[in-house]
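Visitor: The structure under discussion is supplied below as structure tokens; questions concerning it will follow.
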Amino acid sequence: MEMSTLQDVSQYGLSNRAAGNIHHFLPWDMLEDTRKKLRSPNNPDGLVFLGVAENPLLYKDVTNFIRHNLTVSPDDQYGYGVGPRGSPRLKKALASFFQDSFHAERPVLEKEILIFPGVAGVLDALAWSICADGEGIIIPVPFWSGISQGFGERARVVMIPATYQSVEGYQGLDDLFDPDINRKALENALQKATKDKVVVRGVMLCR
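For the record, in the sequence shown the residue sitting at position 32 is 32 according to the UniProt record's numbering, with numbers rising by one throughout.
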């Protein structure tokens, strides 16, 4: 453990686990600082941030759509009226959507669908559930920078990037959609992880 982390433990009474996660807060500090500079009605010359899955230019349109097309059922949508595992109506709709849109080989059941508050929550729960400390997940690059925080903060999962540039036969970005190039990139990542004595628990695809 680094000296600064030890000082954090002694000064603030943090657990070793919590203190070890402090270095993961830095990207969020930068993100919060960036958000202060974003375009808004009060800051028309501000930044349009494309680093996250949101677009403030659409806020007004989305707000109007919600206001005129959706209604709230207090008994179902406030508190834990439908239970802590997500809306049954949403699960039913998602099961039908996944079944029909992706032509699932077996029925997609509502009880198999879990609802989380965003991708970061999904990544954290997934990594915590399938990986022990120091085990790894392979992910082709490029990928969303927030994935490393979702996997690393609580679950302490090792990110194993599968790169393409070093793959024999790679010529450009179009090769990222070539099955053979992908297989070679994933195999190279697995071999490197094995050499580094990192147990690989899964492969994550991020578009």
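For each residue, glycine too, the CB sits at the ideal point set by N, CA and C.
1. Might you give, ordered along the chain, the residues of its own chain that have their beta carbon closer than 6 Å to the beta carbon of V203, omitting 5 neighbours on each side?
2. Can you name the residues that DSSP bridges to P161?
3. So which of V158, L38, S87 and F65 has the shortest CA-CA distance to L190?
4. With contact counted as at least three CB pairs below 8 Å, one residue from each stretch, are the segment 147-156 and the segment 115-133 in contact?
5. Going by C-alpha to C-alpha distance, which of P41, A19, P44 and F49 sits closest to D33?
6. How is the beta strand (DSSP E) around V203 delimited, first residue to last?
7. Do you know how far the Cα of Q99 is from the Cα of I181?
8. Tell me the rounded alpha-carbon separation between R106 and N188.
9. Tell me the DSSP secondary structure of S145 in three-state form.
10. Which value, in whole angstroms, describes the spacing of the CA atoms of I147 and T71?
11. On a Cα-Cα basis, can you pick out the residue from H68, Y164 and D29 that is closest to Q149?
12. Using a Cβ-Cβ cutoff of less than 7 Å, which residues in the same chain neighbour G169 once the five nearest sequence positions on both sides are dropped?
13. How many whole angstroms separate the CB atoms of A127 and V141, which I take to be in contact at a CB cut-off of 8 Å?
14. CA-CA distance, D76 and G83?
15. When the Cα atoms are used, what is the spatial distance from L186 to F177?
16. If you measure between the beta carbons of L47 and K60, is that distance less than 8 Å?
Guide: Considering the structure as presented:
1. Taking the sequence shown and counting its residues from 1, the one referred to as residue 203 is at position 203. So the list reads I138, once near-sequence residues are dropped.
2. The residue you call residue 161 lines up with position 161 of the sequence shown. Residue pairing by DSSP puts P161 in a beta bridge opposite I139.
3. Position 190 of the sequence shown, counting from 1, holds the residue named residue 190. Of all alpha-carbon atoms in V158, L38, S87 and F65, the one lying nearest the alpha-carbon of L190 is that of V158.
4. With the cut-off at 8 Å, the segment 147-156 and the segment 115-133 touch.
5. Position 33 of the sequence shown, counting from 1, holds the residue named residue 33. Nearest neighbour of D33 by Cα position, chosen from P41, A19, P44 and F49, turns out to be F49.
6. Here residue 203 is taken as the residue at index 203 of the sequence shown, counted from 1. Its beta strand (DSSP E) spans residues V200 to V203.
7. Taking the sequence shown and counting its residues from 1, the one referred to as residue 181 is at position 181. Taking the sequence shown and counting its residues from 1, the one referred to as residue 99 is at position 99. If I take the Cα positions, the gap works out to 29 Å.
8. Taking the sequence shown and counting its residues from 1, the one referred to as residue 106 is at position 106. Taking the sequence shown and counting its residues from 1, the one referred to as residue 188 is at position 188. Using only the alpha carbons, I get a separation of about 32 Å.
9. Indexing the sequence shown from 1 puts residue 145 at position 145. Secondary structure at S145: coil, using DSSP grouped into helix, strand and coil.
10. For the purposes of this step, residue 147 is identified with residue 147 of the sequence shown, where counting begins at 1. For the purposes of this step, residue 71 is identified with residue 71 of the sequence shown, where counting begins at 1. Going by the C-alpha atoms only, they are around 34 Å apart.
11. One-based indexing of the sequence shown puts residue 149 at position 149. For Q149, the nearest C-alpha among the options comes from D29.
12. Taking the sequence shown and counting its residues from 1, the one referred to as residue 169 is at position 169. Correct list, in chain order: I181.
13. Position 127 of the sequence shown, counted from the start, is the residue given in the question as residue 127. Position 141 of the sequence shown, counted from the start, is the residue given in the question as residue 141. Taking the Cβ atoms as the reference, A127 lies roughly 18 Å from V141, outside the contact range of under 8 Å.
14. Sequence index remark: in the sequence shown, residue 76 carries index 76 (1-based). Sequence index remark: in the sequence shown, residue 83 carries index 83 (1-based). About 9 Å.
15. As a working note, residue 186 is residue 186 in the sequence shown. As a working note, residue 177 is residue 177 in the sequence shown. Approximately 13 Å between the Cα atoms of the pair.
16. In the sequence shown, residue 47 corresponds to position 47, counting from 1. In the sequence shown, residue 60 corresponds to position 60, counting from 1. Not in contact: L47 and K60 (Cβ atoms no closer than 8 Å).
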